[in-house]
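Participant:
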Amino acid sequence: MTRQNFSTQFVNGVMRYATNRYLSLQRSELTKLPAPNLQKVKNKNYLLYIHVPFCATLCTYCSFNRFLFQEDKARAYFTNLRKEMQMVKDLGYDFNAVYVGGGTTSILPDELCKTLDLAKSLFNIKEVSCESDPNHLQKEILESFKGRIDRLSVGVQSFDDGILRKTGRYEKFGSGEVTRQKLEQVIGILPILNVDLIFNFPNQTQEMLARDLEIIQALKPNQLTTYPLMSSPSVKSILKRSIGEIDLKKEAQFYQQILKTLSSDFIPLSSWAFSHKGSEIFDEYVVDNDEYVGIGSGSFSFLNGTLYINTFSLKTYAHRIQNEKMGVIRERKYSKKAQLQYRLMVELFGGKASIERFQTLYNSNLERDLMKEIAFLRLSGNIFKKGNAYYPTEKGKYLFMSMMKEFYIGMDRVREESRAMLNEEDM
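Just so it is clear: in the sequence shown, position 284 is 286 by our numbering, and no numbers are missing.
1) Bridge partners of Ala391, per DSSP?
2) Provide the residue span of the alpha helix (DSSP H) that contains Ser146, from first to last.
3) Ignoring anything shorter than 3 residues or poking outside the region 144-176, list the beta strand (DSSP E) runs there in chain order.
4) Taking only the alpha-carbon atoms, compute the straight-line gap between Lys279 and Ile323 and give it to the nearest angstrom.
5) What residues are listed by DSSP as bridge partners for Cys115?
6) What residue range does the alpha helix (DSSP H) around Leu199 cover?
7) When the Cα atoms are used, what is the spatial distance from Ser299 to Gly389?
8) Using CA coordinates, which residue listed in Met87, Asn126, Ser303, Gly104 is at the minimum distance from Phe56?
9) Rounded to whole angstroms, what is the Cα-Cα separation between Arg68 and Gly296?
10) Pairs of beta-carbons, one from the region 21-36 and one from the region 408-415, closer than 8 Å: are there three or more?
11) Let me check one thing: in DSSP terms, what residues is Leu52 bridge-paired to?
12) Alpha carbons only, please: which of Phe268, Met232, Glu247 is nearest the one belonging to Leu221?
13) What residue does the beta strand (DSSP E) around Glu133 start on, and which one ends it?
14) Using a Cβ-Cβ cutoff of less than 6 Å, which residues in the same chain neighbour Met3 once the five nearest sequence positions on both sides are dropped?
15) How is the beta strand (DSSP E) around Glu333 delimited, first residue to last?
16) Can you have a look at His321 and say buried or exposed, based on whether 16 or more other CB atoms are within 10 angstroms of its CB?
17) What would DSSP say about Arg68, mapped onto helix, strand or coil?
18) For Ser382, which of helix, strand or coil comes out of DSSP?
19) For Phe12, count the other beta carbons within 10 Å of its own beta carbon; 16 or more makes it buried, fewer makes it exposed. Which is it?
20) Would you identify the three-state DSSP class for Glu419, choosing helix, strand or coil?
21) For Ser303, which beta-bridge partners are listed by DSSP?
22) So, helix, strand or coil for Ile245, using DSSP?
23) By the 10 Å Cβ neighbour count, where 16 or more other Cβ atoms means buried, how is Lys339 classified, buried or exposed?
24) Measuring alpha carbon to alpha carbon, tell me which residue in Thr395, Ile127, Ala76, Gly157 is nearest Lys184.
25) Taking 7 Å as the limit between beta carbons, can you name the residues of its chain near Ser30, skipping five residues before and five after?
26) Between the C-alpha atoms of Asp163 and Lys262, what's the straight-line distance to the nearest angstrom?
27) Mind checking which residues open and close the beta strand (DSSP E) that includes His138?
28) Alpha carbon to alpha carbon, how far is Gln28 from Thr308?
29) Since Ala275 sits in a beta bridge, which residues does DSSP pair it with?
30) Within the chosen definition, does the region 129-137 reach the region 80-94 through at least 3 CB pairs nearer than 8 Å?
31) Going by C-alpha distance, which of Glu408, Tyr364, Leu346 is nearest Leu379?
32) Are Lys75 and Leu124 close, meaning C-beta to C-beta below 8 Å?
33) In its own chain, which residues sit with a C-beta less than 7 Å from the C-beta of Glu408, not counting the 5 before and 5 after it?
34) Out of curiosity, what's the CA-to-CA distance linking Ser272 and Phe351?
35) If you follow the alpha helix (DSSP H) that Phe351 is in, where does it begin and where does it stop?
36) Going by alpha carbons, who is nearest to Ser404 out of Pro36, Lys327, Phe201?
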């Protein structure tokens, strides 16, 4: 085992322990999220996250909160979503950025537009980012998003037909060539188009990944996000039965291949996100926004050191909103040390941990408060200091990508636990 593999496996083990420990939540007695500290709001950038939990078909390996689309239920949900947004405004929050996730966010384009229009009327929104899928890469839909959505992120995952068939995406979205043509036709309609690719599928080869990257280089989307295949324990068993077992030994090789291939045309935004040279930069929301408010069934909020989770039940969500309550039903408070450890990981994942930023935003002396963590990362060759900040080495980029992957797997586990509590009347 190489030193890199050892340090990565060690840190991943620590991350799994930490997520198991820290993502255990308790029931919340709150009827609404806490109001912001008005003294902090003046210098605070909050993100508004909006969750749309409906899909035309359900992928068995998806852990996100999603339900089979029924138009009457979906329209009623959007109405409740906008009511919860107004409650957030009444609490005193303001936002400069919105992120819409799902589910299939554009399942009802008119409702999505109405919701974004309300957000822009209530808050000082400068950037709107929205997830989508290949089926909604239609000119008329994207034209309706002009002036409303700044960054559309399309989950392509792969252009390889073999992978698409094994994951059930070929039947759902068509061949890789069909998706490539759709992307080609819509690039330029909205300010930024981001393409999501996944690597380290079972049986994926370096040649298959090279073809995916070759298509991306020819398309020249504004941004590209390359996620390692990640799965919570229950999803992992489903993946193993359907497409094979994940081989983590290849993950680092694929990652280095991605960095090398993209180096001439793309600029790194984080350990797994890249911006095409000459395109407008749109950084990852998870790096830039340390606090956020989530609205909708199954959304998460993080405020003043506490994680809040909205109900995953459509029935309970509707009932709470109609009774002037927000969706929050569970929470977990974190110590300052735990918050600082998380921020160190996130900011190194984003390419830079500024000593000054930690002092200004978190009232923390980074080198004193996280002395052991900094020492380990420096001695293991994963970070280096330059000026008043720490940066990941080439080796460290893979480490922080792996850590973020483990964090998201932990969040997926929370989603699975929440969905396991639902019965038929909740859906």
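Glycine included, C-beta positions come from ideal geometry on N, C-alpha and C.
Facilitator: According to the structure data:
1) By 1-based counting over the sequence shown, the position of residue 391 is 389. Ala391 pairs with Ser356, Lys388.
2) Taking the first residue of the sequence shown as 1, we reach residue 146 at position 144. Run containing Ser146: 141-146, per the alpha helix (DSSP H) assignment.
3) 153-159
4) Taking the sequence shown and counting its residues from 1, the one referred to as residue 279 is at position 277. Taking the sequence shown and counting its residues from 1, the one referred to as residue 323 is at position 321. So the two alpha carbons sit approximately 45 Å from each other.
5) Stepping through the sequence shown from its first residue, residue 115 is reached at position 113. Paired residues: none, contrary to the question.
6) On the sequence shown, residue 199 is found 197 positions in, with the first residue counted as 1. Where Leu199 is concerned, there is no enclosing alpha helix (DSSP H), although the beta strand (DSSP E) it sits in stretches over 194-201.
7) On the sequence shown, position 297 is the one that residue 299 refers to. On the sequence shown, position 387 is the one that residue 389 refers to. For Ser299 and Gly389, the distance between alpha carbons rounds to 44 Å.
8) Within the sequence shown, residue 56 is the residue found at index 54, counting from 1. Of the candidates Met87, Asn126, Ser303, Gly104, the one whose C-alpha sits nearest the C-alpha of Phe56 is Gly104.
9) Position 66 of the sequence shown, counted from the start, is the residue given in the question as residue 68. Position 294 of the sequence shown, counted from the start, is the residue given in the question as residue 296. One C-alpha to the other measures close to 16 Å.
10) yes
11) Here residue 52 refers to the residue found at position 50 when the sequence shown is read from its first residue. For the sequence presented, residue 52 should be read as Ile rather than Leu. Per DSSP, Val102, Ile297.
12) For the purposes of this step, residue 221 is taken as residue 219 along the sequence shown, with counting starting at 1. Considering only alpha carbons, the answer is Phe268.
13) Taking the sequence shown and counting its residues from 1, one reaches residue 133 at position 131. Element bounds for Glu133: 129-134.
14) Position 1 of the sequence shown, counting from 1, holds the residue named residue 3. Summary for Met3: the model assigns pLDDT 47, below 50, so the residue's position carries little reliability; its value from the coordinates is reported in the next sentence. Excluding positions up to five away in sequence, the list is empty.
15) Taking the first residue of the sequence shown as position 1, residue 333 is located at position 331. Residues 330-335.
16) If you number the sequence shown from 1, residue 321 lands on position 319. When all chains shown are included, His321 counts as exposed.
17) By 1-based counting over the sequence shown, the position of residue 68 is 66. Note: Arg68 maps to coil in three-state DSSP.
18) The residue labelled residue 382 in the question sits at position 380 within the sequence shown. Residue state, collapsed to three classes: coil.
19) Position 10 of the sequence shown, counted from the start, is the residue given in the question as residue 12. It counts as exposed.
20) Stepping through the sequence shown from its first residue, residue 419 is reached at position 417. Of the three classes helix, strand and coil, the one that applies to Glu419 here is helix, per DSSP.
21) Position 301 of the sequence shown, counted from the first residue, corresponds to residue 303. In DSSP, Ser303 forms a bridge with Tyr310.
22) For the purposes of this step, residue 245 is identified with residue 243 of the sequence shown, where counting begins at 1. The answer is coil: DSSP assigns Ile245 none of H, G, I, E or B.
23) Along the sequence shown, read from residue 1 onward, the residue named residue 339 stands at position 337. Exposed.
24) Here residue 184 refers to the residue found at position 182 when the sequence shown is read from its first residue. Residue Gly157 is the option with its Cα nearest to Lys184.
25) Indexing the sequence shown from 1 puts residue 30 at position 28. Cβ neighbours of Ser30 beyond the five flanking positions: Tyr310, Val330, Ile331, Arg332, Glu333.
26) Within the sequence shown, the letter at position 161 stands for residue 163. Within the sequence shown, the letter at position 260 stands for residue 262. When rounded, the distance between both Cα atoms is 24 Å.
27) Translated into positions along the sequence shown, residue 138 becomes position 136. First-last for His138: undefined, no H or E at that position.
28) Here residue 28 is taken as the residue at index 26 of the sequence shown, counted from 1. Here residue 308 is taken as the residue at index 306 of the sequence shown, counted from 1. About 11 Å.
29) Translated into the one-based positions of the sequence shown, residue 275 becomes position 273. Answer is Thr227, bridged to Ala275.
30) no
31) Mapped onto the sequence shown, residue 379 falls at position 377. The option with the nearest alpha carbon to Leu379 is Leu346.
32) Numbered from its first residue, the sequence shown carries residue 75 at position 73. Numbered from its first residue, the sequence shown carries residue 124 at position 122. For Lys75 and Leu124, no; Cβs fall outside 8 Å.
33) To locate residue 408, count along the sequence shown from 1; it is residue 406. Contacts found: Asn14, Met17, Arg18, Thr21.
34) Taking the first residue of the sequence shown as position 1, residue 272 is located at position 270. Taking the first residue of the sequence shown as position 1, residue 351 is located at position 349. Taking the straight line from one Cα to the other gives about 6 Å.
35) Start at 1 with the first residue of the sequence shown, and residue 351 comes out as number 349. Phe351 -> alpha helix (DSSP H) spans 338-351.
36) Mapped onto the sequence shown, residue 404 falls at position 402. Taking only the C-alpha atoms, the option nearest Ser404 is Phe201.
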